[in-house]
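Just below is one structure, and these are the notes that go with it.
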Amino acid sequence: MTESETVLWESLRKLNCGYRFRRQHPVGDYIADFICLKSRLVIEVDGGYHDTPQQQQEDQWRTEYMESKGYTVIRFKNEEIINNLNEVVMRIKEQLFNE
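Residue numbering for the sequence shown follows this note's numbering, starting at 16 and increasing by one per position.
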């Protein structure tokens, strides 16, 4: 796992709000960075290479596929997690409790 994935994983493990996350969980041919099966929420962590046009297109296809399977996908950049972890966790909680 990258540094930002490790930081987020530690926060997700400590949420203690009735939802459990798994890491590196398969969804069809894809591997979700983090997933909550109960809420059908997928969290993707994007590094710098996700800024390339080709990778953005592939990420869009990936998101569309997961959404077609009934998942909600939210994405965070590495920098968001490292620099503003509290905001990231708050957005995840909002998604969990607004399902």
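Ideal Cβ positions, reconstructed from N, Cα and C, are used throughout, including at glycine.
For clarity, every value in this text was computed on a predicted model and none was experimentally measured.
query, result
"Looking at the unbroken alpha helix (DSSP H) that takes in Thr-21, where does it start and where does it end?", "18-28"
"Beta-carbon within less than 8 Å of Asn-93's beta-carbon, same chain only, minus the 5 sequence neighbours each way: which residues are those?", "Thr-17, Glu-18, Ser-19, Val-60, Asp-61, Gly-62 and Gly-63"
"Report back the beta-carbon spacing between Thr-21 and Leu-56 to the nearest angstrom; my notes put them in contact at under 8 Å.", "Not confirmed; about 19 Å, so no contact."
"Which whole-angstrom value describes the C-beta separation of Tyr-45 and Arg-77, a residue pair presumed to lie in contact below a C-beta threshold of 8 Å?", "5 Å"
"Using 8 Å as the cut-off, can you tell me whether the region 101-108 makes contact with the region 68-83, which would need three or more C-beta pairs spanning the two stretches below that distance?", "no"
"On a Cα-Cα basis, can you pick out the residue from Asn-31, Leu-30, Cys-51 and Glu-79 that is closest to Arg-38?", "Cys-51"
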